[in-house]
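Everything below concerns the one structure shown next.
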Amino acid sequence: MGCSIYTLDLTDSLAPMRMGHVDAYPKLPPEQRGGAAIRISPDGKFLYCSNRSDSGGRIDWFSLEDPMHPQHVGTVSDGLFFPRDFALSRDGQYLVSAGQREETIILWKRNEQTGALSKLRTISDIPEPVCVLNWKETS
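Quick note: the sequence shown uses my numbering, first residue 217, plus one each step.
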């Protein structure tokens with residue numbers, strides 16, 4: 217399974233061009249590579265991607281300061297096992313990840329300046345969560 221991030225130039229909608237390529241997990245052996253979800257933060261500053269494998273899982277984030285060449289910034293793996301999907305809140309302050317095999321949902325606080333994720337809460341006994349949708353925030 218691949219773990220690559222491709223950037224495209226869509227200026228000419230009739231002839232999109234591939235502009236850049238980043239190996240999201242260059243140091244992981246092939247058997248630990250299992251790309252899953254990929255999202256861009258609402259402010260457009262960071263790209264997040266999840267990796268699921270039988271040996272664990274992680275969410276990485278990349279700076280989009282140069283959108284054609286994303287730069288790896290950080291990784292979280294605390295409590296993650298086979299993170300199938302995740303979603304960012306509309307305001308960009310939170311990320312929710314779904315651990316398919318661990319049957320958990322994890323709520324992360326997102327640092328909007330650095331992109332870093334800090335675990336806030338784990339909700340257990342959610343049977344095989346595979347998709348996370350945006351949610352309505354209440355005041």
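Note that beta-carbon positions come from the ideal geometry of N, C-alpha and C, so glycine has one too. Keep in mind it's a predicted model, so treat the numbers as computed, not measured.
Contact annotation: V312 and V289 have beta-carbon atoms that are not nearer than 9 angstroms.
Rounded to the nearest whole angstrom, the C-alpha separation of G331 and S266 is 14 angstroms.
Checking the DSSP bridge columns, you'll see H288 partnered with F278. For V346, the number of other beta carbons within 10 angstroms of its own is below 16, and it is reported as exposed. For S293, there is no enclosing beta strand (DSSP E), since its DSSP letter is neither H nor E.
L296 places its beta carbon 9 angstroms or farther from that of F278.
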